[in-house]
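Asker:
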Amino acid sequence: MEHADIFFLGCAISWSMTIFRLGRFARVKELSENVVQIQAAKNVFLMLIFGAWLGFDVLTTGRGLEAQWVGYENGFAWLMLFLSAMFGGLVGELFQALGGRSMPAAEANVILTSEPLWAAGLTSFFLGERLGVGVYLGL
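Count along the sequence shown starting at 1, add 95, and that's the number in the working numbering.
1) Count the C-beta pairs between the segment 151-166 and the segment 206-215 that are closer than 8 Å, then say yes if the count reaches three, no if not.
2) Let me make sure I understand the geometry here. Which of Q191, G229 and L185 has the alpha-carbon closest to that of L141?
3) I'd like the span of the alpha helix (DSSP H) that includes A135, first residue to last.
4) Please report the distance separating the alpha-carbon of A192 from that of L207.
5) Are the beta-carbon atoms of L189 and V123 separated by less than 9 Å?
6) Do the CB positions of I133 and F120 come within less than 9 Å of each other?
7) Considering only residues of the same chain and omitting the five flanking positions on each side of L149, which have a CB-CB separation below 7 Å?
8) From this set, T155, L126 and A107, which residue's C-alpha is nearest G195's C-alpha?
9) Are G118 and A200 touching if we call contact CB-CB under 9 Å?
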């Protein structure tokens, strides 16, 4: 087993624990009534952490923001970043939290692990990407 395998297994375990935790939260009356606020608070917290990380990188490298992201002056890139955060992140996580109210964590985990299949199908449909037979077989 290589380092990357261990990292991805750790990621899968962490993701499973997150789904389990969200399922538990969704079944607690006080928390389920505030699921939108909990998700918003989590995303604001992540924004602050990632912003601090970016600030640290900019300060310690001494190369400025342009060295961190070549496309930082491109308004379209910022729009795509914003839309990805809103619809791929915040709205997706909100739907996940709301779905956790009525679905066992194990079942949610099985459905969420189909994400790569959705990504492959949607990129093929919308972007015309073609994948090889090995990818479809999971190789």
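All residues carry an ideal CB built from backbone N, CA and C; glycine is no exception. Keep in mind the model is a prediction, meaning the values are calculated, not measured.
Answerer: The short version:
1) Because the criterion of three Cβ pairs below 8 Å is not met, the segment 151-166 and the segment 206-215 do not touch.
2) Your numbering for residue 141 matches position 46 in the sequence shown. It is L185.
3) Locating residue 135 in the sequence shown gives position 40, where the first residue counts as 1. The continuous alpha helix (DSSP H) containing A135 extends over residues V130 to T156.
4) Start at 1 with the first residue of the sequence shown, and residue 192 comes out as number 97. Start at 1 with the first residue of the sequence shown, and residue 207 comes out as number 112. Going by the C-alpha atoms only, they are around 12 Å apart.
5) Counted from its first residue, the sequence shown places residue 189 at position 94. Counted from its first residue, the sequence shown places residue 123 at position 28. For the 9 Å CB-CB criterion, L189 and V123 do not form a contact.
6) For the purposes of this step, residue 133 is identified with residue 38 of the sequence shown, where counting begins at 1. For the purposes of this step, residue 120 is identified with residue 25 of the sequence shown, where counting begins at 1. Yes, these two residues count as a Cβ contact at 9 Å.
7) Here residue 149 refers to the residue found at position 54 when the sequence shown is read from its first residue. In the same chain as L149, and ignoring 5 residues on each side of it, the C-beta atoms closer than 7 Å to its own belong to Q163, in chain order.
8) One-based indexing of the sequence shown puts residue 195 at position 100. Minimum Cα distance to G195 is reached at L126.
9) For the purposes of this step, residue 118 is identified with residue 23 of the sequence shown, where counting begins at 1. For the purposes of this step, residue 200 is identified with residue 105 of the sequence shown, where counting begins at 1. In contact: G118 and A200 (Cβ atoms closer than 9 Å).
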